[in-house]
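Heads up, the sequence shown is in the working numbering, so the first residue is 68 and it goes up one at a time. We treat Cβ as the ideally placed atom computed from N, Cα and C, and that holds for glycine. Values in this document were obtained by computation on a predicted structure and should not be read as measured data. Some notes on the structure that comes next.
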Amino acid sequence: MLPEGIKRLKGLVQLDLHNNSLSLSEDDLANLSSLKDLDISYNSVHLNKSDDWIPPFHLNTLRLRFCQILPWPHFPKWLRTQTTLDELDLSNTGIKETIPNWLPSGLEYLDLSNNMIGGDVPYYFSNLTILDLSNNSLSGYLPPKLSNMMPNLEYLSLSDNNIMGEMPQFFPKISNTMSSLQWFDLSTNNLSGGIPFSFCRIKSLEVLRLSKNNLSGELPNCWKNSSNLVILDLSSNKLQGGLPDSLSNLQTLQSLHLSYNNFMGQIPLSFRNFTGLVTLDLAHNKFVGNIPNWIGESLPYLRTLNLRSNAFTGNIPQLSHLTSLQIVDLSNNHLSGIIPSSFGNFSALKGSPSKGLYFHNFGFEDYMWLFTKGSELEYNSMLLSIDTVIDLSNNGLSGCIPRELGNLHGLRSLNLSGNYLTGEIPSNIDGMQQLEILDLSRNNLSGIIPSTLADLNFLNDLNLSYNNLSGKIPTGSQLQTLNDPSVYAGNPNLCGPPLPKNCTMNIAKTDGEKQNEDSSESRMETLWLYTSITLGFITGFWAICGSLLLRRTWRITYFRAIDNMFDKLYVMMVVTVAKYKRRL
Numbered sequence: 068m069l070p071e072g073i074k075r076l077k078g079l080v081q082l083d084l085h086n087n088s089l090s091l092s093e094d095d096l097a098n099l100s101s102l103k104d105l106d107i108s109y110n111s112v113h114l115n116k117s118d119d120w121i122p123p124f125h126l127n128t129l130r131l132r133f134c135q136i137l138p139w140p141h142f143p144k145w146l147r148t149q150t151t152l153d154e155l156d157l158s159n160t161g162i163k164e165t166i167p168n169w170l171p172s173g174l175e176y177l178d179l180s181n182n183m184i185g186g187d188v189p190y191y192f193s194n195l196t197i198l199d200l201s202n203n204s205l206s207g208y209l210p211p212k213l214s215n216m217m218p219n220l221e222y223l224s225l226s227d228n229n230i231m232g233e234m235p236q237f238f239p240k241i242s243n244t245m246s247s248l249q250w251f252d253l254s255t256n257n258l259s260g261g262i263p264f265s266f267c268r269i270k271s272l273e274v275l276r277l278s279k280n281n282l283s284g285e286l287p288n289c290w291k292n293s294s295n296l297v298i299l300d301l302s303s304n305k306l307q308g309g310l311p312d313s314l315s316n317l318q319t320l321q322s323l324h325l326s327y328n329n330f331m332g333q334i335p336l337s338f339r340n341f342t343g344l345v346t347l348d349l350a351h352n353k354f355v356g357n358i359p360n361w362i363g364e365s366l367p368y369l370r371t372l373n374l375r376s377n378a379f380t381g382n383i384p385q386l387s388h389l390t391s392l393q394i395v396d397l398s399n400n401h402l403s404g405i406i407p408s409s410f411g412n413f414s415a416l417k418g419s420p421s422k423g424l425y426f427h428n429f430g431f432e433d434y435m436w437l438f439t440k441g442s443e444l445e446y447n448s449m450l451l452s453i454d455t456v457i458d459l460s461n462n463g464l465s466g467c468i469p470r471e472l473g474n475l476h477g478l479r480s481l482n483l484s485g486n487y488l489t490g491e492i493p494s495n496i497d498g499m500q501q502l503e504i505l506d507l508s509r510n511n512l513s514g515i516i517p518s519t520l521a522d523l524n525f526l527n528d529l530n531l532s533y534n535n536l537s538g539k540i541p542t543g544s545q546l547q548t549l550n551d552p553s554v555y556a557g558n559p560n561l562c563g564p565p566l567p568k569n570c571t572m573n574i575a576k577t578d579g580e581k582q583n584e585d586s587s588e589s590r591m592e593t594l595w596l597y598t599s600i601t602l603g604f605i606t607g608f609w610a611i612c613g614s615l616l617l618r619r620t621w622r623i624t625y626f627r628a629i630d631n632m633f634d635k636l637y638v639m640m641v642v643t644v645a646k647y648k649r650r651l
């Protein structure tokens with residue numbers, strides 16, 4: 068309830084009580100006869116308990132966002148009396164009926180989004196500058212008069228409905244009739260046909276979203292005058308052909324979504340003019356050729372690069388100059404060569420990720436479809452702002468995993484599966500302190516699993532299957548939770564929990580253990596060598612000298628033999644010297 072003091076303020080003009088968890092009724096507003104602006108969003112509102120209630124005020128602005136309105140789920144009938152309304156926000160209130168024709172025709176701002184409103188799209192609010200009917204159950208065709216009847220419209224969002232029909236017939240001259248339009252969103256409907264040329268001629272247009280429809284044909288080559296376009300989203304349609312050169316005129320573009328179409332050819336060289344681009348999403352098309360080197364040189368603000376599921380070939384280009392890059396998805400292509408060690412230099416992956424991707428005065432939040440944990444999910448701006456991803460899976464990459472990846476302290480997801488990588492898992496893998504997802508499956512990795520893997524405290528999704536790894540699986544607090552044997556399947560030389568194979572005394576040791584063992588073995592061999600020499604000398608000495616000491620006859624025989632040997636040597640020397648002198 069309202070405090071009694073506020074209830075008595077007959078001269079009150081503006082009342083803002085939004086987000087206070089109040090329970091209000093018509094009695095609380097009975098004396099506020101001068102009220103013009105009322106915002107009671109995010110509260111429990113029980114107005115119009117009786118159908119004949121007439122408010123004492125005549126509002127200009129009414130905001131009831133996220134309120135429980137009675138009689139639910141209908142439009143409040145007392146709104147009939149508010150003929151002076153300029154702004155009406157009934158979003159997220161659960162209304163489930165068609166839009167009544169008695170709503171004030173002078174409205175300039177109408178937000179009925181996120182309800183269950185059915186019927187046709189209204190076109191009789193000629194003063195509207197902002198119309199948001201997104202995420203409802205609107206159906207049928209767009210009225211042909213729509214662009215003519217709302218000449219002042221700046222923001223139009225009809226996304227997430229069931230609107231059908233062909234685009235060109237609805238907006239043949241939209242550039243003339245809606246010359247002030249800045250935001251146009253008809254995404255997630257059942258629209259068909261091609262993209263009208265007239266969209267290219269709206270000089271004020273900043274956001275164009277036609278994604279998730281059935282649009283077909285080629286992208287028109289008409290973008291010379293679209294100099295203010297910031298977001299272009301044509302993803303999830305049936306568009307085809309190459310990308311027109313006139314797109315290069317969109318030098319203010321920050322977000323380009325063309326994924327899930329049938330575009331083909333190479334990425335145009337003219338795209339390097341998108342110097343302010345933040346999001347480049349060309350996934351799930353038929354693009355070919357090498358990934359251009361200029362991407363890493365000409366797009367300094369790029370945060371998201373998604374080229375997934377195309378037919379790109381060649382080596383991965385130098386991308387380390389993209390200091391803001393947080394998401395790199397090059398998976399499901401035909402890339403070859405090694406993983407560049409410069410991947411360890413991505414500045415944005417070394418620390419905390421940046422804030423969400425917000426554009427435009429109306430607060431557009433970017434999004435992206437990302438493949439994670441076995442499924443493809445749509446990430447909104449908030450999730451994108453905290454996620455950091457490198458996905459190079461299902462290519463033909465070879466060589467070792469660069470140790471430099473251990474520098475990416477802020478990386479959360481690393482997928483290198485389905486390649487031809489060799490060598491060992493780097494022992495400094497624990498440098499990726501925030502890592503939650505690690506997939507190295509289906510490669511030719513060998514050696515032991517480094518014990519440092521157990522130091523990744525946030526790791527919750529691990530796949531090392533189908534490699535040539537050996538030795539004992541390391542244990543640790545986080546690895547204990549990853550007890551699915553399939554994580555290590557296809558590595559016949561691995562042992563220890565969670566595999567049923569027990570480890571023997573000959574299990575593979577860590578590098579340090581091997582070095583210590585080699586050093587110990589070397590010292591033991593040296594010790595045994597000197598010991599055997601000493602024992603041999605002692606044994607030989609006593610075998611001869613001991614016999615001579617113990618037996619008198621052997622001593623006489625031994626010394627006689629020595630005397631005879633010296634006599635013979637002396638005679639030989641004398642004879643040889645005499646012969647030598649005679650020759651002289």
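Mind checking whether residue i and residue j have CB atoms under 8 angstroms apart?
i: asparagine 203; j: isoleucine 230; result: no
i: phenylalanine 338; j: phenylalanine 354; result: no
i: serine 254; j: lysine 291; result: no
i: leucine 306; j: leucine 275; result: no
i: leucine 344; j: leucine 323; result: yes
i: leucine 464; j: isoleucine 406; result: yes
i: leucine 523; j: serine 508; result: no
i: threonine 196; j: asparagine 219; result: yes
i: arginine 479; j: isoleucine 504; result: yes
i: asparagine 182; j: threonine 160; result: yes
i: serine 460; j: leucine 475; result: no
Measuring straight from C-alpha to C-alpha, what distance separates residue i and residue j?
i: lysine 581; j: threonine 542; result: No answer about lysine 581 holds up, because its pLDDT of 46 lies below 50 and its placement is not dependable.
i: threonine 346; j: leucine 205; result: 31 angstroms
i: serine 172; j: serine 158; result: 18 angstroms
i: proline 70; j: serine 90; result: 12 angstroms
i: aspartate 187; j: arginine 130; result: 24 angstroms
i: glycine 356; j: serine 180; result: 43 angstroms
i: leucine 155; j: isoleucine 362; result: 45 angstroms
i: leucine 286; j: asparagine 340; result: 19 angstroms
i: proline 559; j: asparagine 486; result: 19 angstroms
i: aspartate 454; j: leucine 225; result: 29 angstroms
i: glutamate 471; j: phenylalanine 413; result: 10 angstroms
i: asparagine 98; j: aspartate 106; result: 17 angstroms
i: leucine 84; j: leucine 152; result: 19 angstroms
i: arginine 75; j: serine 101; result: 11 angstroms
i: threonine 390; j: proline 189; result: 47 angstroms
i: phenylalanine 264; j: lysine 270; result: 13 angstroms
i: threonine 380; j: serine 88; result: 57 angstroms
i: aspartate 104; j: phenylalanine 266; result: 36 angstroms
Quickly, what does DSSP pair residue i with across the bridge? List them, please.
i: phenylalanine 354; result: Gly332
i: isoleucine 383; result: Answer by DSSP bridge pairing: none, since isoleucine 383 is not bridged.
i: arginine 130; result: Asp106 and Asp156
i: lysine 539; result: Cys562
i: leucine 274; result: Going by the sequence as given, residue 274 is valine instead of leucine. Paired residue(s): Trp250 and Ile298.
i: glutamate 233; result: Ser259
i: glutamate 503; result: Paired residues: none, contrary to the question.
i: glycine 514; result: Leu536
i: isoleucine 284; result: Checking the displayed sequence, the identity of residue 284 turns out to be glycine instead of isoleucine. The partner list for glycine 284 (beta bridge, DSSP) reads Leu306.
Check residue i in the structure and name its three-state DSSP category.
i: lysine 305; result: strand
i: aspartate 199; result: strand
i: glycine 498; result: helix
i: threonine 255; result: coil
i: isoleucine 405; result: strand
i: glycine 207; result: strand
i: glutamine 249; result: coil
i: lysine 576; result: Only weak support is given to the placement of lysine 576: the predicted model assigns it a pLDDT of 47, under 50, and the question is left unresolved by the model.
i: glycine 363; result: helix
i: alanine 556; result: coil
i: leucine 464; result: strand
i: asparagine 373; result: strand
i: alanine 378; result: strand
i: aspartate 187; result: coil
I believe residue i touches residue j by the beta-carbon criterion, under 8 angstroms. Please report the beta-carbon distance rounded to the nearest angstrom.
i: phenylalanine 142; j: isoleucine 162; result: 6 angstroms
i: proline 469; j: glycine 411; result: 6 angstroms
i: glycine 261; j: glycine 284; result: 4 angstroms
i: leucine 317; j: leucine 299; result: 7 angstroms
i: leucine 223; j: leucine 248; result: 7 angstroms
Check whether the Cβ of residue i sits closer than 7 angstroms to any heavy atom of the ligand SAM, and report yes or no.
i: aspartate 506; result: Looking at this structure, you won't find the ligand SAM or any other ligand, since it has none at all.
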